[in-house]
Amino acid sequence: MADIDQDSRPGSRPGAEQRSWNEILKQTYRRALGRAGAESSLLALAWVAPFWLLLLALGMLMPASPLSAWIFAGLALAAGLGGIIWGLRRYLRRRSDLETFGAWLEQRADLFDNEFINALRLELNPLEGDPLARHLIGRVIARARKIHHDLPIPKLYQTTSLRRPGLIAAAAGLIALLLFVLSPVAFRDSLTALTTPASIQPPLVLMTVAPGDISLDRGSSLDVTASVESTEKIEAAHLLVKGADGVWRSYPMTPTDALDGSGRPAGSADAVPGRLRKDFSYHFADLQAGLTYLVATESDRSRPYQVTLREPLRALGYRKILEWPSYTKLPRQSEVASHGDFSALLGTRATLQITASRPGAEGAVIWNSGDRQVLRSSGGELEGGWIVAKADTYRVSLRDTLGGAWRSEPFVVSLLDDLPPVLRVLSPTGDLNVPTDMQVILDVECVDDYGLGELVLIYSRAWEPPQRLSLGLWESAREARITYPWDLEDLGLLPGTEVSFFFELSDNDAVLGPKITRSAMFTIRFPSLAEMYTQLEEEQEQDIFDLGEMLDVQEKLQDDLEEISRELKKETELSWEKQQEIQEFLQDQKNLGERLEEVAQSLNQSLEQMEQQSLFTPEMASKLQQIRELVNEIQSEEFHEYMNAMQEAMNNLSRRDLEQAMEDFKFSQQDLQKGLDRTLELLKRLMAEEKLGRLQQEVEKLAMEQKALNEQLAEASGEKTDEMKEEAADKAASESEEGEKTQAAAESDKEAESNESTDSDKSAEQENSESQDSESASSKMSEADRQALQEEQKRIEEETKRLEKQLEELSKMSEESLKQLAEQMKELQRKNLLDQAQQNMQQSQQSMSQGKPKDSLRFGRKAQQNLAMMSQQLQSAKEAMEKDNNTEITRKLFAIANNLVFVSQTQEGLVLEESRYSTDQLAVEQQALLEETRTNLDSLFAVGRETPVISMEQARLMGEALRKMDQSVRHFERGSRQPANVFAMESREAIDSAIAGLLQTCSGMSKSSCSNPNSQCQNKLQGLGAQQSRLNQDSQSLMGQSMSPRLTPAQGDQMKKLAARQEMIRRGLEDVNQQMGDQRNVLGRLDDLAEEMKEIAEEMRQRGVDEKILKRQEKILSRLLTAQRSLRKQDEREERISKPGGNSADRSQPQPLPQQTTRREALMRGILRGGQDPIPAEYRRLVEEYWKALMSNP
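Using the working numbering, read the sequence shown as starting at 70 and increasing by one per residue.
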């Protein structure tokens, strides 16, 4: 319409002025008629549609019959015709000519000048011939056009609003659609009756079918019943069923014979008079798909009925959302399942989302206790949540608006266990002793299911509260491994003490609190000195046993090599069997080397323990270190080179190279065998010296214990103790030393005269006095005191008997290698000092049992004197053995050096005068020098079995000289002078180097033979440390036995004994302090330490032992051990002359002389260094001549 209106506007587009007003008005008229037709049709439909809808609904509700069909059809037709007639009449009223339409249009537009009509008439009847008239007409038409253009023409067409009739028609259509959706079959049947009433025929048979159209839950059962009435007899009925595939299938229906209480067929109505009636039924079970069914007889059939299936009300699925407790660090977990069972940790937020089979369902969770939790609807699902607080069961209940109800089977909420953490201790694997480096590697694996918390080390000593050390702290880790080097230095462990510890691992459970797992208890024990001595002794015995086995194996390997060499010379080719034999030999030799390395490691561990715990004197530790270095040097580089040369020659199948390599290897094997023999002998000697030193210390300790016992007996008998006598003597000496000497001399003369005349009388009086004093003292001593002293004396006697057995064992051990020591031990056994001490101890016990404390004291003092003399003689034997042994070894080494000087000079002369002799004579002379050198090498090995100071470097040099001499002999035998002379001179150089090393070793041993002032103090400090360690253990034991603050009489006696032992240690410390003299500052303030010991002894007598005293005793032991280390370090700082020749750090590869130092300068330095060495007079001249000869041949 917009386009048409625009055409009527002047100048609206090209060609618009050529259209006539008549055409414009006609076009407007046609559009007005179209609007009138639409209004008439819609108004008629708005009136007819509701009527048709009513008839359709009535047809759906009423049973179909021909009469009702024709009535409803007639009414529908009448309504339709009436609507059509009414609409046509309304439309026809709107038709007219153009002038009438123009007048109607002006009237609709409120125009009263008839401009549209005038323009139409003027255009149809124009005035011809008058230009002015034509101009006026054109203006009239133009004005009509303009007015038409400005009018809202489309609004003028609308005589009636179409909204209301449109809504009525649309509502009718929607209702019809709804009826079709609700019952499509009935809608179709009713529509058929309205449109084709002739198709509705009156039934010959009256049939009632139940349930008719029905909607069921899927899986439900359905019983279809049919009641048939007919004028004829009905024999059978069939149920026709059409499934989803569209195929009709027939099923026979079952006649119903059961009667109800009135005698009629069950569920039927009274039959119409003149008709027969019969009932049929059919049962559908577990319907899974919708279907169409009808009942058919021989003469009729029912209309089709629809069975529609809907999903039964139930839960289609369960979504379980678990939000774990925050400490687990687990992500949110979502799971969809066909059941509602789930497991969760305590404190978990559980959300249950249920998808119901029908929309709009309502639900609830019903707990086992009967509590009900309503589920809320969210996004088409039912949802509920709760905090898991316990294990429980629940059901899900659903209802919908259709009346359906459903309840699930019971679902289980299980609680997951947050298990305790698991820890596995990888290191240590059990109880252990304190390592030498005072560090224990703690290696612990930690695992937890939801998160680790903290790993704590809890440790304590017997009398201290537990201490906690955090090893690891985690926030979210579930698995970790902690390796921690635990430094035991800070714990202050002392010999005889121990520390217990365990690990405690917690998890991060923030709901119920951390769960804790504890490991087994571990113990780190600091062995007592006696235990450490025993352990070292066992290790050394094992090393000696291993070295003995290796020596036997090496001797066998040496024989095997000789046999292989002999057989190889007989064979022309290197057979496969011989290769295998040589390979086995090399493997056995390699295995022996590996075992030798294990022995070296064992010696190294022993040395570390000795140095760490200061178990032995620096001299003993130095000897063990030298032995360890000898073991490392046994397998020299030449040994490995010759061994590799044999392997390479065998791989290359070179028979000649193999023979040469085997000949070279023989010399190295001999050196190895002698080195093993020497090391074995040195270890035996060292072990004997260690036992001798320990035996002396234990005898000295027993002497001090016997002295402490004697002082208790002196107190019991009323006599002055040794300490009281010493104090009185010191006091008297301080008053007047000179006057006392004079008076003492005069009194001595008078007493001598008096004693000569009254000796017999005084002896009788003394016996009576002692008898009376004994009886008096016996009455003062309680039975408990006497019993305690007897037990202590018996213990010392048993210890003395044990030491006597050790003395016998030491005597047997030293018979093979230490003959001098063996003789001294036999001499000590002949003196029977230990046996005499035991007899005196037995007499002392017997006197105590008889109530004679003075007699017991007299025998006790005799036993003390026996032990003290034994200790002194053992110490003297030890010192004499070391001094005499060094002197003898020095003499032997000088003798070997003298012989080698002769060999060197002879070798030099032989080379210089070789032109005067034939090669055969030279070979004989060279062979004689070789045998002489071999003899000296054997002598050197024999001396080396007595001391470790001789380095393997000298033996290696002499072995090298032997190999060079052997080569020289061979070349002389072949007539080759030049190479023979070269090998001869090289052998001389090796011998000269060996001589220099031997002389340096002799010099060192001569200087080291002087006694070391620190050695005796070191021994005494070791003894004091052992006694203090034993005293600390006994104090701890006594404190553990005391269950009350007051001591029993027996415990009081023991306390006095402990105090007396502490006093004895104090006196020994004062002796060491005086003996050190000017070097006492090395040990620290030992006078303060002695004073503290005195205070402790006094406190022990007065109030017994408590934790404070135990800690002070530990500090005392620690300071004693520190003093020993200080002495050892002092000795290490001092220059030690007794070192083996060569560089101890790398004996196999001596450092070369600096390039700026000539051989002459080096020799001069050696002469100057050795000029003051204490060389025996018989060798002094030879040594000086040798030095001059070297200087004259640069």
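Note that beta-carbon positions come from the ideal geometry of N, C-alpha and C, so glycine has one too.
Test item: CB-CB of residue i and residue j under 8 Å
| i | j | result |
| --- | --- | --- |
| leucine 444 | glycine 453 | yes |
| methionine 168 | tryptophan 90 | Correcting the residue type first, residue 168 is glutamate in the shown sequence and not methionine. Not closer than 8 Å, so no. |
| phenylalanine 181 | leucine 94 | no |
| tyrosine 519 | aspartate 461 | no |
| methionine 322 | tyrosine 362 | no |
| aspartate 487 | glycine 429 | no |
| arginine 1057 | serine 973 | yes |
| isoleucine 958 | glutamate 1015 | yes |
| cysteine 1271 | leucine 485 | Because residue 1271 is not part of the residues shown, which for the chain are 70 to 1263, the question remains open. |
| aspartate 578 | tyrosine 396 | yes |
| threonine 603 | serine 569 | no |
Where the beta strand (DSSP E) through residue i begins and ends
| i | result |
| --- | --- |
| isoleucine 527 | 521 to 529 |
| phenylalanine 1041 | Per DSSP, phenylalanine 1041 belongs to no beta strand (DSSP E); it is in the alpha helix (DSSP H), 1021 to 1043. |
| aspartate 512 | 508 to 516 |
| arginine 318 | 317 to 321 |
| serine 299 | 291 to 299 |
| phenylalanine 571 | 567 to 576 |
| serine 447 | 441 to 447 |
| threonine 261 | Note, threonine 261: premise wrong, no beta strand (DSSP E); alpha helix (DSSP H) at 253 to 264. |
| methionine 276 | 275 to 279 |
| glutamine 375 | 374 to 379 |
| tyrosine 351 | 345 to 353 |
| lysine 302 | That residue, lysine 302, is in no beta strand (DSSP E); it is neither H nor E in DSSP. |
| valine 457 | Element bounds for valine 457: n/a, residue is neither H nor E. |
| serine 496 | 491 to 496 |
Residue burial classification, residue i (beta-carbon count within 10 angstroms, cutoff 16)
| i | result |
| --- | --- |
| glutamine 508 | exposed |
| arginine 88 | exposed |
| alanine 772 | buried |
| tryptophan 317 | exposed |
| glutamine 990 | exposed |
| glutamate 404 | exposed |
| glutamate 631 | exposed |
| arginine 1229 | For arginine 1229, the pLDDT reaches just 48, beneath the cut-off of 50, and the residue's location in the model is therefore unreliable, although a value from the coordinates is still provided. The residue is exposed, with fewer than 16 neighbouring Cβ atoms inside 10 Å. |
| glutamate 646 | exposed |
| leucine 328 | Only weak support is given to the placement of leucine 328: the predicted model assigns it a pLDDT of 37, under 50, and the value that follows is read from those uncertain coordinates. Exposed, since its Cβ has fewer than 16 Cβ neighbours within 10 Å. |
| glutamate 852 | exposed |
| isoleucine 456 | exposed |
| serine 109 | buried |
Element boundaries [alpha helix (DSSP H), containing residue i]
| i | result |
| --- | --- |
| tyrosine 98 | 90 to 130 |
| tryptophan 139 | 135 to 161 |
Which listed residue (the options) has its alpha carbon closest to that of residue i
| i | options | result |
| --- | --- | --- |
| proline 373 | Ala1065, Lys874, Leu360 | Leu360 |
| valine 1141 | Leu1093, Leu220, Ser483 | Leu1093 |
| leucine 655 | Glu666, Leu727, Glu610, Ala589 | Leu727 |
| alanine 906 | Lys895, Leu879, Met917, Ala937 | Ala937 |
| glutamine 933 | Glu866, Leu672, Asp282, Arg427 | Glu866 |
| arginine 1188 | Gly561, Ala267, Leu981, Gln422 | Gly561 |
| arginine 1025 | Arg1046, Val980, Lys743, Met719 | Lys743 |
| serine 945 | Arg960, Gln893, Lys900 | Gln893 |
| glycine 171 | Tyr160, Leu157, Leu150, Ala213 | Ala213 |
| glutamate 450 | Lys459, Gly439, Ala433 | Ala433 |
| serine 447 | Ile435, Asp219, Leu521, Leu421 | Leu421 |
| threonine 586 | Ser438, Asp517, Pro564 | Asp517 |
Identified DSSP bridge partners for residue i
| i | result |
| --- | --- |
| aspartate 556 | Gln508 |
| lysine 1313 | This structure gives no information on residue 1313, because the portion of the chain shown stretches from 70 to 1263. |
| tryptophan 436 | Tyr463 |
| glutamate 392 | Arg418 |
| proline 234 | None; proline 234 has no bridge partner. |
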